[in-house]
Every structure is written in C-alpha cells, then in structure tokens.
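Structure record follows, encoded as structure tokens.
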Amino acid sequence: MSINRRQFIQLMAIAGAAGLLPKSSFATQKQSADFYDVPTFGQVRLLHFTDCHAQLLPVHYREPHVNLGIGKRQGHVPHLVGHQLLQHFGISQALEAHALTHLNYLEAAQKYGKVGGFAHLATLIKRLRDSFGREKTLLLDGGDTWQGSGTAYW
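So the sequence shown is residues 3 to 156, counted in my numbering.
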C-alpha cells in the first residue's frame with residue numbers, strides 16, 4: 003500500500019486523536035464526566051492544532067458532501083465522502099459517522115452543538131498545559147491559523 007504525505011498526516015492525526023480517547027467514550031450511555039481528563043505519561047506533552055482558519059466563534063461543523071478527485075484519483079481516498087467513505091474504511095454509520103461525514107448532520111448538530119472557536123481552544127490549551135506542567139508542554143501551530151477566513155482580510 004502506498005500513501006502520500008497528506009494521507010499519512012491525516013492518518014496520524016486520526017490515530018493521535020483516537021489514542022487520547024478512553025474506550026468507554028464511544029459508548030453513548032457511558033459519557034465521561036470529564037472528556038479532557040487525559041492521563042499523564044512521558045516527559046513532555048505535545049499539543050498541536052492546525053487549520054482553524056480563524057474560526058473565532060464556534061460553528062456547526064459539517065464535512066463536505068462532495069469531494070471530486072481528478073482523473074484516476076476520482077473515487078479514491080481522500081476523495082470519498084458519505085457512505086462511500088464509511089464503507090471504504092469499515093466505519094459504523096451509527097457511531098462515528100457524525101465526525102467523518104455529512105450524514106445525519108442535523109441530528110449531530112442538535113446533539114453536539116457548535117464546535118471550535120478561539121475561546122474554547124484557548125481554554126482547552128490552558129487546561130491541558132496546566133495539568134501536565136507549562137514548562138513540560140510544547141504548543142505547535144501547524145499553520146492556516148488565519149488563512150481562509152474573513153478575519154484574514156480585515
């Protein structure tokens with residue numbers, strides 16, 4: 003199997019995020035009282051964010067319903083959306099589909115509400131930094147912090 007750099011980074015981001023979640027967090031009846039109570043391990047905590055595109059305020063996040071590949075890339079990863087994406091990766095539509103596709107968007111928006119916003123991001127970064135130790139935490143900005151938004155032009 004051959005993957006390009008973009009696919010590798012996407013897979014690492016998904017794997018990294020999945021590794022932070024306790025197994026019980028996927029059970030709808032067993033919601034963690036404190037989702038961000040992350041166990042500490044190791045000598046350093048690396049925090050990384052990217053592509054927030056100056057979303058200063060929380061938004062209802064929705065994955066695209068169209069992602070056209072060109073030529074032989076059409077119909078292949080990363081140009082799969084909706085049911086095709088779930089089927090390709092063997093993902094249950096009932097559990098994780100809301101985070102990866104546009105399917106059931108209205109239900110997910112009502113259930114999970116708005117996400118993001120710099121105030122929420124700053125609060126989370128401060129909390130994770132303080133819980134491990136500010137002197138042992140490195141915050142990395144992967145870019146696109148302002149690009150792609152109205153804020154970039156104001």
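No residue lacks a Cβ here, since even glycine has one placed at the ideal position from N, Cα and C.
Here A121 is exposed, its C-beta having fewer than 16 other C-beta atoms within 10 Å.
A check of alpha carbon separations from V61 across G145, G144 and V117 identifies V117 as the nearest. Restricting attention to I11, H100, Y63 and I72, the CA atom closest to the CA of H85 is found in H100. Buried is the label assigned to T103, since at least 16 other Cβ atoms lie within 10 Å of its Cβ. Ranking A111, R129, D53 and Y107 by CA distance to the CA of T42 puts R129 first.
By the neighbour-count definition (other C-beta atoms within 10 Å, threshold 16), A17 is an exposed residue. Of all C-beta pairs linking the segment 135 to 148 to the segment 37 to 52, three or more are shorter than 8 Å, placing the two stretches in contact. A residue is called buried once 16 or more other Cβ atoms fall within 10 Å of its Cβ, and A110 is buried on that count. Within the same chain, L102 and T103 come within 7 Å of L87 by CB-CB distance, once the 5 residues on both sides are set aside. Beyond the five residues adjoining it in sequence on each side, R64 comes within less than 7 Å, by CB distance, of H104 and Y107 in the same chain, given in chain order. For the set L126, G152 and K138, the Cα lying nearest the Cα of D36 is the one of L126.
If you ignore the 5 residues before and after H81, its C-beta comes within less than 8 Å of the C-beta of N69, L70, G71 and R75, all in its own chain and listed in chain order. Inside the segment 81 to 146, DSSP marks whole beta strand (DSSP E) runs of 3 or more residues at positions 139 to 143, from first to last along the chain.
Under DSSP, R75 takes part in no beta bridge, so it has no partner. The shortest C-alpha to C-alpha distance from L140 to any of A15, Q45 and Q12 is the one to Q45.
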